[in-house]
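Peer 1: Protein chains in written order, with the working numbering: chain A, 7 to 244; chain B, 7 to 244. No residue lacks a Cβ here, since even glycine has one placed at the ideal position from N, Cα and C. Keep in mind that this is a model prediction, so the values were computed, not measured.
1. If we cut at 8 Å on Cβ distances, does residue 130 of chain A have a partner in chain B?
2. Could you check whether the region 129 to 139 of chain A touches the region 80 to 93 of chain A, counting it as contact only if at least three pairs of C-beta atoms, one from each stretch, sit closer than 8 Å?
3. Closer than 8 Å, CB to CB, is residue 208 of chain A near chain B or not?
4. Which full runs of the alpha helix (DSSP H) of 4+ residues lie inside the region 18 to 45 of chain A, going along the chain?
5. Please classify residue 126 of chain A: is it buried, with 16 or more other beta-carbons within 10 angstroms of its beta-carbon, or exposed?
6. Measuring only the C-alpha atoms, how far is residue 36 of chain B from residue 210 of chain B?
7. Got a sec, what are the start and stop residues for the alpha helix (DSSP H) residue 81 of chain A sits in?
8. Would you say residue 55 of chain A reaches chain B, if we count a Cβ-Cβ gap shorter than 8 Å as a contact?
9. If you run the structure through DSSP and keep just helix, strand and coil, what is residue 234 of chain B?
10. At a CB-CB cut-off below 7 Å, which residues of chain B make contact with residue 189 of chain A?
11. Return the residue from the list B/155, B/66, B/22 that minimises the CA-CA distance to residue 173 of chain B.
12. Nearest CA to the CA of residue 220 of chain B: which residue from B/23, B/123, B/38?
13. What does the alpha-carbon distance come out to for the pair residue 244 of chain B and residue 79 of chain A?
14. Please check the pair residue 121 of chain B and residue 190 of chain B, which I expect to be a contact at CB under 8 Å, by giving their CB distance rounded to whole angstroms.
15. Would you identify the three-state DSSP class for residue 218 of chain A, choosing helix, strand or coil?
16. Is it the case that the Cβ atoms of residue 101 of chain B and residue 75 of chain B are separated by a distance below 8 Å?
17. Assess, as a yes-or-no matter, whether the region 42 to 54 of chain B is touched by the region 167 to 185 of chain B under the definition of 3 or more beta carbon pairs within less than 8 Å.
18. How about residue 133 of chain A: is its C-beta nearer than 8 Å to some C-beta of chain B?
19. Looking at chain B, is there any beta carbon in it that lies within less than 8 Å of the beta carbon of residue 241 of chain A?
20. Residues of chain B with a CB under 8 Å from the CB of residue 212 of chain A: which are they?
21. Whole-angstrom Cβ separation of residue 26 of chain A and residue 234 of chain A, contact assumed at under 8 Å?
22. In angstroms with no decimal places, state the Cα-to-Cα distance between residue 99 of chain B and residue 44 of chain A.
23. With DSSP as the reference, label residue 53 of chain B as helix, strand or coil.
24. Looking at the secondary structure, which residues open and close the alpha helix (DSSP H) in which residue 154 of chain B lies?
25. Measuring alpha carbon to alpha carbon, tell me which of B/110, B/58, B/215, B/33 ends up nearest residue 67 of chain B.
26. How should residue 197 of chain A be labelled, buried or exposed, when 16 other C-beta atoms within 10 angstroms of its C-beta is the threshold for buried?
27. Identify whether residue 93 of chain A lies in helix, strand or coil by the three-state DSSP scheme.
28. Locate the alpha helix (DSSP H) running through residue 186 of chain A, then write down its first and last residues.
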């Protein structure tokens, strides 16, 4: 009596959504850069202008835990035409996630450095709590997957049992990253709209930040839909 | 070569997660009530104290679009022992979602009424944008499901094809509601921590709001895990 939608951890399916996801990934990267460079003054890890240190945080988090993570999740499908070896695509999947995780790590370092130098307290907001949980789960998930599927690698049966859990829990961690990016955009814009800056609520920068957040959200939805493969042919009706 | 995790729209599976979800649903309801009644002064739809009108918004949104929506999603499984008729459980599923949607509608009315009476602009924040999109998608999804599965009802084949999409897209709308609740808790707490109230960043109320948000988030994860049924026995390994 089960009616099923399927989350696939393997090849094939969702071709249209993969293209949509790539376009949204490029758009999200461009938009967060325009915001932080054009509207907020640029990026730096060392500067007398502490805001520039903060600015590296949203750029690296979006690039690492959302854009590269999305490309890593989709890499089995994206590369199926140009990279015929499944083993090579597995290394791309693993490598993109590792680079994404590293960029996310630097992005979190940047915001702690900004807080320290601008005398702002740490870890009081929901965004920071969920952020620490998300990057910790991301790192743990990567490590367990590396040990299970890459080196030293578990037995064939264990790998077979682990794959759907890997796909489902990996998507959940990715959804947390996408959701927490929403929290970050909202939190920063709320600060900018409060005194002393009092940024216009309907101005160009406010609209850019909200639309960047929406593009990140739609990217998350596209990745889930590209990964889900609805197949109802075998099941009974409701 | 597909490795699959399955989202089930039907009966059975995830028993432990269903119990966890019920407990988290009760906790989320109690916590948002303690926050809005004990810390924020109570609930009202008419009052000289406009904050009381606002307070009905988080309570009704959490109760409607998160707690009742979660119970509606899980109702096929929760009630499988005490309600033997599948048709009766379908009516409970439909009815709980209808009540959840109605409470959500009153919750959105409350926040617009608060804005009007307290002279606060509407629809500038990411929370409000995603909120309007979410309740619109929720209503559309409910209506399409009513027409397809209940009255007048589509053909057997159409219903069979529609069920996995109904389950997947329904879970996506639920995830949007859970994520947007996070945005709402963060936005309101950020306002309360700014001048003039300057609520303590690590005080009892701040911790309660953040933990309420986390309980809502964990409820969302529990519903997804209770609905997903990982079955890898038929599939090849990575």
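Peer 2: With the structure as the only source:
1. Among the CB atoms of chain B, one or more fall inside 8 Å of the CB of residue 130 of chain A.
2. Contact between the region 129 to 139 of chain A and the region 80 to 93 of chain A is absent: fewer than three C-beta pairs spanning the two stretches fall below 8 Å.
3. Chain B, which has a Cβ nearer than 8 Å to the Cβ of residue 208 of chain A, makes this yes.
4. Runs of alpha helix (DSSP H) with 4 or more residues, each lying fully within the region 18 to 45 of chain A, are found at 21 to 39, listed in chain order.
5. Residue 126 of chain A is exposed by the Cβ-count criterion.
6. Taking the straight line from one Cα to the other gives about 16 Å.
7. Counting along the chain, residue 81 of chain A sits inside the alpha helix (DSSP H) bounded by residues 75 to 84.
8. For residue 55 of chain A, no CB of chain B lies under 8 Å from its own CB, so it is not counted at the interface with that chain.
9. Per DSSP, reduced to three states, the secondary structure at residue 234 of chain B is strand.
10. By Cβ distance, chain B contributes 188, 189, 192.
11. Checked all of B/155, B/66, B/22; the closest Cα to residue 173 of chain B is B/155.
12. It is B/38 whose Cα lies nearest to the Cα of residue 220 of chain B.
13. Because the pLDDT at residue 244 of chain B is just 47, under 50, the model does not fix this residue reliably, and the value given afterwards should be weighed accordingly. If I take the Cα positions, the gap works out to 14 Å.
14. Actually they do not touch by this definition, with Cβ atoms about 14 Å apart.
15. Residue 218 of chain A falls in the helix class under three-state DSSP.
16. Contact flag unset, no.
17. No contact exists between the region 167 to 185 of chain B and the region 42 to 54 of chain B.
18. So yes, residue 133 of chain A belongs to the interface.
19. In this predicted model, residue 241 of chain A has a pLDDT of only 44, less than 50, meaning its place in the structure is not dependable enough to derive any value.
20. The contacting residues are 130.
21. No, residue 26 of chain A and residue 234 of chain A are not in contact; Cβ-Cβ is about 14 Å, not under 8 Å.
22. Here the alpha carbons of residue 44 of chain A and residue 99 of chain B stand approximately 49 Å from one another.
23. In the three-state scheme derived from DSSP, where H, G and I count as helix and E and B as strand, residue 53 of chain B is classed as coil.
24. Element bounds for residue 154 of chain B: n/a, residue is neither H nor E.
25. For residue 67 of chain B, the nearest C-alpha among the options comes from B/110.
26. Around the CB of residue 197 of chain A, fewer than 16 other CB atoms lie within 10 Å, so the residue is classed as exposed.
27. Helix.
28. Segment 162 to 199, the alpha helix (DSSP H) holding residue 186 of chain A.
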